[in-house]
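Residue numbers (the working numbering), protein chains in the order written: chain V, 237 to 407; chain W, 237 to 407.
Number of protein chains: 2
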Amino acid sequence: MRWDEIDSQVCSVARTLSLVGDRWTMLILRDCFLGVTRFSDFQKSLGITKHRLSDRLTKLVDSEILRKQIYDTNYERYEYKLTKKGVELYPVLMSLVSWGDKWAVDKDGAPLEYIHQPCGNKIKPGAVCEHCDEPVSAFTITPILGPGILKKVKRGEWVDFDNQDIYKSIQ
Amino acid sequence: MRWDEIDSQVCSVARTLSLVGDRWTMLILRDCFLGVTRFSDFQKSLGITKHRLSDRLTKLVDSEILRKQIYDTNYERYEYKLTKKGVELYPVLMSLVSWGDKWAVDKDGAPLEYIHQPCGNKIKPGAVCEHCDEPVSAFTITPILGPGILKKVKRGEWVDFDNQDIYKSIQ
DNA sequence: TTTCATGGTTCCATTATAGAACCTTAATTT
DNA sequence: AAATTAAGGTTCTATAATGGAACCATGAAA
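Written as structure tokens, this is what we have:
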């Protein structure tokens with residue numbers, strides 16, 4: 237069986253992976269959840285080739301996980317933004333983060349930490365807030381720089397975590 | 237940047253994906269959580285070529301997500317079993333299932349449904365049990381056949397969901 | 001007038017994958 | 001005893017995916 241036939245399996249894992257399970261796609265979505273919207277910013281952040289990035293963004297738009305929105309009518313320049321379908325991939329990313337924070341970190345610890353806005357406490361990504369027991373969602377979490385990244389990069393080097401507009405215009 | 241360099245990123249998503257983010261690996265792990273342990277059973281279930289399967293299993297053993305355990309000393313035949321590190325990928329799979337059940341099902345509905353053992357109710361995968369509010373884990377969930385699969389295959393066709401030994405010998 | 005930034009596309013070499021054939025060991029069938 | 005089968009692979013080759021570099025179009029800025 238070829239990879240492009242796996243969505244024929246009667247399995248939600250297979251069907252989901254047929255959309256987001258190839259190389260780069262989940263990393264592009266990670267950037268989306270951190271507020272990245274523009275072609276060149278994805279490229280700088282990911283180190284992906286332009287060709288790959290163009291292909292992946294087009295596929296994500298085709299599968300309605302992202303949508304392409306013009307932001308400068310003079311230039312015909314586009315932003316790529318999460319749809320509702322895309323935003324709901326947040327638990328997938330958070331579960332990857334959670335596992336990676338435990339099993340794939342170096343000695344410096346987790347790169348990012350996550351604040352549960354309703355109660356203001358750090359959470360274990362992908363789980364229930366340990367302080368108020370509310371289930372977490374993309375809308376109520378703010379990522380902040382953690383020890384694993386603060387030892388290596390300057391704050392705000394490529395992403396502005398104060399950006400609260402990411403989820404404003406979900407469609 | 238090549239794909240095999242992404243684990244150099246200071247990002248738990250990237251580091252996790254460098255281990256489980258390529259084609260087939262998550263589907264192999266899906267089968268592990270459904271009780272599959274043997275080479276030929278993975279192959280039948282997945283439709284993957286032997287070469288790929290061999291390569292992926294070896295990598296999963298190298299990264300200590302699976303371990304190889306001899307089950308017949310005459311033949312030198314192995315079973316591949318989840319380690320603790322591997323079992324903890326359960327939330328990743330469940331979040332993929334959860335998204336796929338909503339956004340990538342056909343008209344028949346979800347292929348599998350999940351029973352939260354402590355309370356006996358169906359759960360929304362990856363979240364908190366809606367009935368008793370306990371967070372879910374691999375150890376307390378039993379998958380059962382759902383409407384999306386019952387219309388297409390005969391019960392027990394390739395996997396025996398009564399198998400409760402999957403997590404018995406985690407190391 | 002030339003250079004720069006954005007957001008790509010084209011081309012080619014390298015790498016990964018699919019599919020088939022083959023291999024090894026021991027057991028089973030004829 | 002000889003041939004066949006099963007498990008668990010490896011080897012080979014054609015095709016597909018990817019990485020890296022070069023190129024292109026548009027409008028803005030120097």
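Ideal Cβ placement from N, Cα and C applies to all residues, glycine included.
Neighbourhood of V:E324 in chain W, by CB distance below 8 Å: W335, K338, W339, in chain order.
Taking the Cα positions, W:T309 is about 32 Å away from V:W339.
Listed along the chain, the chain V residues whose CB falls inside 7 Å of the CB of W:R292 amount to none; the nearest CB is some 13 Å away. Bridge partners of V:R303 according to DSSP: V:K317. According to DSSP, V:D308 shares a beta bridge with V:R313. DSSP, reduced to helix, strand and coil, places W:A340 outside both helices and strands of the structure shown, so it counts as coil. For W:V297, same chain residues with a beta-carbon under 8 Å away, outside a window of 5 residues either side, are R303, K304, Y316 in chain order.
In this model, V:Y314 and V:S276 are separated by some 11 Å (Cα to Cα).
Using a CB distance cut-off of 9 Å, V:K321 counts as an interface residue toward chain W. Secondary structure at W:I284: coil, using DSSP grouped into helix, strand and coil. Nearest to W:F269 by alpha-carbon distance, out of W:R288, W:L329, W:V246, W:D342, is W:L329.
The Cβ of W:L348 sits closer than 9 Å to at least one Cβ of chain V. Taking the Cα of V:K280 as reference, the smallest distance to any Cα among W:Q245, W:E312, W:G345, W:F278 is reached at W:Q245.
Burial of W:D267 is indicated by the presence of at least 16 other C-beta atoms within 10 angstroms of its C-beta. When DSSP states are grouped into helix, strand and coil, W:W260 belongs to the coil group. Residues of chain W with a Cβ closer than 7 Å to the Cβ of V:S276 do not exist; the shortest Cβ-Cβ separation is about 15 Å. Taking 9 Å as the CB threshold, V:T273 stays off the interface with chain W. Under the 9 Å criterion on CB atoms, V:R303 is classed as non-interfacial with respect to chain W. Each residue's CA atom was taken as its position, placing W:K321 and V:T294 some 35 Å apart. When only Cα atoms are considered, V:Y350 and V:Y326 end up about 13 Å apart. Distances from the CA of W:R238 to each of V:R274, V:T285, V:C247 were compared; the closest alpha carbon is that of V:T285. In the displayed model, W:C247 falls within coil according to three-state DSSP, outside both helix and strand. Taking C-alpha positions only, V:D240 is separated from W:R259 by approximately 10 Å.
The Cβ-Cβ distance between W:T319 and W:I301 falls below 9 Å. W:L325 carries a coil assignment under DSSP once its states are collapsed to helix, strand and coil.
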